[in-house]
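Here's the structure, in structure tokens; my notes come after.
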Amino acid sequence: MQELISRIWNRIELRLDPWERSIIKKMRKDAKFLFLSELIPFFENTHVYCFGTGGSVANLPNLGRLRDKNLMIVTSGPIHFFRTYKVVPNIWIIHNADSVKMFLKEEESSPLDFSNTFILVPANDSYSKLHFSSIEIKQLRERHPEATFVVYREIFPQINNFILPENFMKKGIEPLRSLHGSVLEALFAPIAGYLGIKGLYFSGIDQLPTGHFWDRKFYYQDINGKPLNFPEHENTLKINNILASFSQQIGFDIFRLEKEETILKLYPYLDFEDSLKLTSPIITPELIKNQIVAFE
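The letter at position 184 of the sequence shown is residue 358 when you use the numbering used here, and the numbering goes up by one with no holes.
Below is the structure:
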């Protein structure tokens, strides 16, 4: 109950903050504040990459070739992907405060340029752990005025009941709902479905102690260095099966780019070289800003 009260009060405060409202209005005018629904015409029917931070990403050859492709990534992945492959992903999904804190700390010495990146963040009225006006996002906005932020509404977390939630992956339907499995089922698939994307090609979602793609010996841990355990494999596989079956029913393609270093083997394998021929050209804020009708 206390958590619910805290969430409600936080939203009330945000709505009453005239300074924050004025900032949002200016960002909107400058095409730096978008709604996820506005991206649908541009991403509909595309095929995109979605990468976790697991070690299996390092098995893919010459990832610098992805600089001209649509790539969704999570947590503090952007800074490490750039340092390792010299590519800044064009879609960064932020979902918790610790990820932002770790990212800001990691990039202090060499900040990224997010001019070509859509940063997806839950809206202030979303039932989420983090919001557009949370202090961590404000810090990120201050450091990266060049970035374009895109807000969406969701109901998170989804309880692990192994049942497809209402309106799951429905194009243009908010709030988004997720399956409580890997980041593929929890974030990538719901957002892709909402945008009308037709296919995902994933890597780095290993659910195994493979480390990270930038350091195989650096295992998963929280912001304080405490090791994190992966969910029970049995539960993860149940969720994989639900999404794999559902995606086939609706004609949504999901392919894994890793043969062995992942437990998500219910999804068919596709060679990385073949995926390059199937994925769509990159879509950036600069490319679309003059095509969105009204910003005010």
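Each residue gets a CB set at the ideal place from its N, CA and C atoms; glycine is no exception.
message: Please classify F225 as buried or exposed, where buried requires at least 16 other C-beta atoms within 10 Å of its C-beta.
response: The count along the sequence shown starts at 1 and reaches residue 225 at position 51. It counts as buried.
So, under 8 Å CB-CB, S273 and S302 are touching, yes? Tell me the CB distance rounded to an integer number of Å. Within the sequence shown, the letter at position 99 stands for residue 273. Within the sequence shown, the letter at position 128 stands for residue 302. S273 to S302, Cβ: 13 Å. No contact.
Give a yes or no on contact between the segment 226–241 and the segment 372–390, applying the rule of three or more CB pairs nearer than 8 Å. yes
Can you tell me the Cα-Cα spacing of P364 and R202, whole angstroms? Sequence index remark: in the sequence shown, residue 364 carries index 190 (1-based). Sequence index remark: in the sequence shown, residue 202 carries index 28 (1-based). Their backbone Cα atoms lie some 25 Å apart in a straight line.
Considering only C-alpha positions, which residue in the set G229, E218, F306 and R239 is nearest to D448?
-> Along the sequence shown, one-based indexing puts residue 448 at 274. Closest option to D448, Cα to Cα, is R239.
Extent of the continuous alpha helix (DSSP H) to which L438 belongs: Here residue 438 is taken as the residue at index 264 of the sequence shown, counted from 1. Where L438 is concerned, there is no enclosing alpha helix (DSSP H), given that its DSSP letter is neither H nor E.
For D125, the first and last residue of its enclosing alpha helix (DSSP H)
Any answer about residue 125 is impossible in this case: the structure gives the chain only from 175 up to 470.
Could you pull the start and end residues of the alpha helix (DSSP H) that L208 belongs to? The residue labelled residue 208 in the question sits at position 34 within the sequence shown. First-last for L208: F207 to F209, but that is the beta strand (DSSP E), not the alpha helix (DSSP H).
Inset, instruction - Hey, could you find the ends of the alpha helix (DSSP H) Y259 is sitting in? - result: Within the sequence shown, the letter at position 85 stands for residue 259. From DSSP, the alpha helix (DSSP H) with Y259 extends over G251 to Y259.
Exercise for review: Determine the direct distance from the alpha carbon of P349 to that of T410, and round the result to whole angstroms.
Suggested key: In the sequence shown, the residue the question calls residue 410 occupies position 236. In the sequence shown, the residue the question calls residue 349 occupies position 175. Each residue's Cα considered, the two are about 23 Å apart.
> Tell me which same chain residues have a C-beta within less than 7 Å of the C-beta of F216, skipping the five on either side of it?
Replying inline: Residue mapping note: residue 216 aligns to position 42 of the sequence shown, counting from 1. If we look at F216 and ignore the five residues flanking it on each side, its Cβ neighbours are I457 and I462.
**Asked** The beta strand (DSSP E) spanning I293 covers which residue range?
**Response** As a position in the sequence shown, residue 293 is number 119, starting the count at 1. It spans F292 to P296 - the beta strand (DSSP E) in which I293 sits, taken as one unbroken run.
Out of P263, F387, I371 and E408, state which residue places its alpha-carbon closest to the alpha-carbon of S421. Along the sequence shown, read from residue 1 onward, the residue named residue 421 stands at position 247. Among P263, F387, I371 and E408, the Cα nearest to that of S421 belongs to I371.
Quiz item: In the segment 278–327, which residue ranges form an unbroken beta strand (DSSP E) of at least 3 residues, counting only runs that do not cross its ends?
Solution: 292–296 and 322–326
(request) Starting from D389, follow its DSSP beta bridges and name the residues at the other end. (result) As a first step, residue 389 must be located in the sequence shown, where it is residue number 215. In the DSSP output, where bridge partners are listed per residue, D389 has H386.
Restricting to Cα atoms, I'd like to know which of F209, T220, E212 and E194 is closest to L450. Position 276 of the sequence shown, counted from the first residue, corresponds to residue 450. When each option's Cα is compared against that of L450, the closest is T220.
(message) Can you give me the C-alpha to C-alpha distance between G229 and K243, rounded to a whole angstrom?
(response) As a working mapping, residue 229 is identified with position 55 in the sequence shown. As a working mapping, residue 243 is identified with position 69 in the sequence shown. Spanning the two alpha carbons is a distance of roughly 21 Å.
Which one of K206, H254 and W193 has the shortest CA to CA distance from E386? Locating residue 386 in the sequence shown gives position 212, counting from the first residue. Checking the displayed sequence, the identity of residue 386 turns out to be His instead of Glu. Closest option to H386, Cα to Cα, is H254.
- Measure the beta-carbon distance from L361 to V248 and round it to whole angstroms, keeping in mind my assumption that it falls under 8 Å. Position 187 of the sequence shown, counted from the start, is the residue given in the question as residue 361. Position 74 of the sequence shown, counted from the start, is the residue given in the question as residue 248. Indeed, because the Cβ distance is near 7 Å, the residues count as touching under 8 Å.
Practice problem: Assign Y326 to buried or exposed, taking buried as 16 or more other Cβ atoms, counted over all protein chains shown, within 10 Å of its Cβ. | Solution: One-based indexing of the sequence shown puts residue 326 at position 152. The residue is buried, with at least 16 neighbouring Cβ atoms inside 10 Å.
Quiz item: Do A418 and Y443 have their CB atoms nearer than 8 Å?
Solution: Against the sequence shown, residue 418 aligns to sequence position 244. Against the sequence shown, residue 443 aligns to sequence position 269. Going by C-beta atoms, A418 is not nearer than 8 Å to Y443.
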